[in-house]
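See below for the structure under consideration.
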Amino acid sequence: MSVDKRFYLTTPIYYVNDVPHIGHAYTTLACDVMARYKRARGYEVSFLTGTDEHGQKVEKAAHAKGETPLELADRVVKRFQSLWEKLNISNTDFIRTSQERHKLAVQEIFRTIEAKGDIYLGEYEDWYCTPCETFWTETNLLDGNCPDCGRPTDKLKEESYFFRMSKYQDQMLEHIEANPDFIQPKTRRNEILSFLREGLRDLSISRTTFSWGIPVPGNDKHVIYVWFDALTNYISALGYPNDSNDDFNKFWPCDAHVIGKDILRFHTIYWPTFLLAAGLPLPKKIFAHGWWTVEGQKMSKSLANVVEPNMLIDKYGVDAIRYFLLREVPFGLDGDFSHSALVHRINSDLANDLGNLVSRSTAMLSKYFKGELTTPCKETDIDKVLRDKFIQIVAVVYKHMEAFAFNKALQSIWELVSAANKYIDDSAPWTLAKDDDQRERLGTVMYNLLEAVRLISLLVTPFMPDTGARICTILGIDPEDQQLDKHDSWGLLKPGTMVEKATPLFPRIET
RNA sequence: GGCGGUGUAGCUCAGUUGGUUAGAGCAUGCGGCUCAUAUCCGCAGUGUCCGGAGUUCGAAUCUCUGCACCGCCA
Numbered sequence: 073m074s075v076d077k078r079f080y081l082t083t084p085i086y087y088v089n090d091v092p093h094i095g096h097a098y099t100t101l102a103c104d105v106m107a108r109y110k111r112a113r114g115y116e117v118s119f120l121t122g123t124d125e126h127g128q129k130v131e132k133a134a135h136a137k138g139e140t141p142l143e144l145a146d147r148v149v150k151r152f153q154s155l156w157e158k159l160n161i162s163n164t165d166f167i168r169t170s171q172e173r174h175k176l177a178v179q180e181i182f183r184t185i186e187a188k189g190d191i192y193l194g195e196y197e198d199w200y201c202t203p204c205e206t207f208w209t210e211t212n213l214l215d216g217n218c219p220d221c222g223r224p225t226d227k228l229k230e231e232s233y234f235f236r237m238s239k240y241q242d243q244m245l246e247h248i249e250a251n252p253d254f255i256q257p258k259t260r261r262n263e264i265l266s267f268l269r270e271g272l273r274d275l276s277i278s279r280t281t282f283s284w285g286i287p288v289p290g291n292d293k294h295v296i297y298v299w300f301d302a303l304t305n306y307i308s309a310l311g312y313p314n315d316s317n318d319d320f321n322k323f324w325p326c327d328a329h330v331i332g333k334d335i336l337r338f339h340t341i342y343w344p345t346f347l348l349a350a351g352l353p354l355p356k357k358i359f360a361h362g363w364w365t366v367e368g369q370k371m372s373k374s375l376a377n378v379v380e381p382n383m384l385i386d387k388y389g390v391d392a393i394r395y396f397l398l399r400e401v402p403f404g405l406d407g408d409f410s411h412s413a414l415v416h417r418i419n420s421d422l423a424n425d426l427g428n429l430v431s432r433s434t435a436m437l438s439k440y441f442k443g444e445l446t447t448p449c450k451e452t453d454i455d456k457v458l459r460d461k462f463i464q465i466v467a468v469v470y471k472h473m474e475a476f477a478f479n480k481a482l483q484s485i486w487e488l489v490s491a492a493n494k495y496i497d498d499s500a501p502w503t504l505a506k507d508d509d510q511r512e513r514l515g516t517v518m519y520n521l522l523e524a525v526r527l528i529s530l531l532v533t534p535f536m537p538d539t540g541a542r543i544c545t546i547l548g549i550d551p552e553d554q555q556l557d558k559h560d561s562w563g564l565l566k567p568g569t570m571v572e573k574a575t576p577l578f579p580r581i582e583t
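Per the numbering used here, residue 73 is the first one in the first sequence, and the count goes up by one each step.
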């Protein structure tokens, strides 16, 4: 086992037939928070996102608009990329399945598995909707008709390459049983286990009905099936198979594939069995998060309630959105997005609790000491309680972060915000300020308070990078040099530092 | 239909291996402070722990059963 502190995590690659919505933003954001957290803990992080560009739907949509599939993809990719920039996403790479590096990797893994004898040419038989040019399984049909357009379907055969997935059923079962954390949360693991126990069939991994895709090596009539193509992005981005930058060697196996629950099976069965067949190590963890409803209703184009992330960021600010999405709902469960809940969180958690804490703390230091931190003196009981609480809860936050329990991590951080607010009440600086003999005590209280604010800002930074940096700047420390692994102990603020009087971090939203 | 899960305060949920008056946050009511973005701190509640039966000295927790809701079944 490597002792190097490296961490590789991925979002799914997003299909360019769809434009970015809150669901995409959520997955990507969760990964970003984890990536920033791991970096802050001293890890070298590889954080991949990207786009899935092949397939019949894209081909058809492009033709309908009179452009090539690649032109369509180029257009939509920009929308994803600009949103990630706006959301402050710190991905280290962006893979597109139309890229040459990806094509090379997909064809190589196909050849490898074929050479092993796990790919064979056969016939794919299913129900076909001619107008939609789409195959459907029997269970998907609605009264025998196409679930998309409602028109009748025909039973059709198509020549197809198959992957001997059935061969890996027992191996997968054993792996999942031996690794309880491989699939999270637990309910998703149960689903996959029961699915596996019912038996795996071989998987059709090529199509001949469209051409926008990666050709099967040695047979141009066939295009490689979208999931075989798409899943391979996780290693093609690392440079598989040539690995000229040594990234594949450094970062594979992946620490976590973060996905939505809709693509669970592809990631927990298809992908691992491909890897087993290719003789490559399996990812360490697949974490499937839940869905967002909007104002209590399912998001849908027909309801026109799809939440546009750009608009939200413009209206409420990027950090408020980042905070809300990860605080409101346990990662792994479904949740509801509502404007009233968002405004409520912004006002109570961000403006009243955190923002106001920074305001009152810096205002007092400014008023009583012209903003200059003094050397802390004798520690009292309430000081010790505060310090102990911070030491203890920092560890708890780390524990939650390692478990992808973002909402619990934030809850714990907010216990610290409350503790700091309570410390102000208990120590009553305004009373100390009236007595010249208490000058030293007042300075100590101010020091402890600002030190609490410093640690809170560090903990909050992975979630709200701009806010974290802003607080650091106010405290007169360099945000660039504030990694948790070097700065997470109590008492690191330097006496003599000049602290700014803060302007409100999060203005209250009047309702 | 098969498998899995959920049902606890007005709302969202915690409740470890069954053990004294069932908890947190938000919302509500009352009190306190004045440094602060009218913000903060403290106190107070209220619960047939979905229904029923059983095991036990003792069940929110274990067993059976009924009801309701949710997920998965290429």
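Even glycine gets a Cβ: it sits at the ideal position worked out from N, Cα and C.
Check: Considering only the beta carbon of each residue, do F535 and L482 sit closer than 8 Å?; Outcome: yes
Check: With respect to the beta strand (DSSP E) encompassing R168, which residues constitute its N-terminal and C-terminal limits?; Outcome: 165–168
Check: How long is the line joining the alpha carbons of D391 and L384, rounded to whole angstroms?; Outcome: 11 Å
Check: If we ignore side chains and look at the alpha-carbon of each, how far apart do Q243 and R542 end up?; Outcome: 50 Å
Check: For Y519, tell me which candidate among T434, K322, E195 has the shortest Cα-Cα distance.; Outcome: T434
Check: Can you give me the C-alpha to C-alpha distance between S154 and N160, rounded to a whole angstrom?; Outcome: 10 Å
Check: If you draw a straight line from the alpha carbon of I485 to that of E474, how long is it in whole angstroms?; Outcome: 15 Å
Check: Pick helix, strand or coil for T82, following the three-state DSSP scheme.; Outcome: strand
Check: Express the C-alpha separation of V148 and I94 in angstroms, rounding to a whole number.; Outcome: 16 Å
Check: Quick check on DSSP: helix, strand or coil for F476?; Outcome: coil
Check: Specify, as a first and last residue, the run of the alpha helix (DSSP H) that F152 falls within.; Outcome: 141–158
Check: Output the distance between the C-alpha atoms of K293 and L193, rounded to the nearest integer angstrom.; Outcome: 12 Å
Check: Sorted by chain position, which residues of the same chain lie with C-beta nearer than 6 Å to E197's C-beta, five sequence neighbours on each side aside?; Outcome: K229
Check: Here's a check: name, in chain order, each residue in its chain whose Cβ is nearer than 6 Å to the Cβ of K175, leaving out the five neighbours to either side.; Outcome: I286
Check: With C-beta atoms as the reference, is I181 less than 8 Å away from F346?; Outcome: yes
Check: Ignore the nearest five residues each way along the sequence and tell me which others in M388's own chain have a CB closer than 7 Å to its CB.; Outcome: Per the sequence presented here, residue 388 reads as Tyr, with Met not at that position. Excluding positions up to five away in sequence, the list reads L414, I418.
Check: Does the structure place the segment 273–280 close enough to the segment 293–311 that three or more beta carbon pairs sit under 8 Å?; Outcome: yes
Check: Can the beta-carbon of D327 be found closer than 8 Å to that of F79?; Outcome: yes
Check: For Q369, which of helix, strand or coil comes out of DSSP?; Outcome: strand
Check: Measure the C-alpha to C-alpha separation of M73 and E116 and round it to an integer number of angstroms.; Outcome: Summary for M73: the model assigns pLDDT 41, below 50, so the residue's position carries little reliability, and this model does not support an answer.
Check: Indicate whether T202 and D165 have their beta-carbon atoms separated by less than 8 Å.; Outcome: no
Check: Using a Cβ-Cβ cut-off of 7 Å (strictly less than) and excluding sequence neighbours within five positions of I463, which residues of its own chain qualify?; Outcome: W562
Check: Tell me, please, which residues DSSP counts as bridged to T123.; Outcome: Y86, R168
Check: Check whether the segment 182–192 touches the segment 347–354, counting contact only when three or more Cβ pairs, one atom from each stretch, lie closer than 8 Å.; Outcome: yes
Check: Going by DSSP, what residues sit across from P224 in a beta bridge?; Outcome: N217
Check: Between T99 and W156, how many whole angstroms is the CB-CB distance? I'm expecting something under 8 Å.; Outcome: Actually they are not in contact, since the Cβ atoms of T99 and W156 sit about 11 Å apart, beyond 8 Å.
Check: Can you tell me the Cα-Cα spacing of V91 and V430, whole angstroms?; Outcome: 38 Å
Check: Check this for me: beta carbons of Y86 and D146, under 8 Å apart or not?; Outcome: no
Check: Using CA atoms only, rank isn't needed, just tell me which of D190, R273, I358, E231 is closest to N251.; Outcome: I358
Check: Check the DSSP bridge columns for D408 and list the partner residues they point to.; Outcome: T365
Check: Less than 8 Å between the CB atoms is what I'm expecting for G540 and V571, so what's the real figure, rounded?; Outcome: Wrong, their Cβ atoms sit about 16 Å apart, outside the cutoff.
Check: By DSSP's criteria, I496 is part of a beta bridge. Which residues make up the other side?; Outcome: BP columns for I496 are empty, so no partner.
Check: Beta strand (DSSP E) containing K442: first to last residue?; Outcome: No beta strand (DSSP E) holds K442; DSSP gives it neither H nor E.
Check: What residues are listed by DSSP as bridge partners for S118?; Outcome: Y80
Check: Cutting at 8 Å between CB atoms, please list the residues of its own chain near R337, excluding the five before and the five after it.; Outcome: I264, F267
Check: Quick one: what's got a C-beta closer than 7 Å to V457's C-beta in the same chain, skipping five residues either side?; Outcome: none
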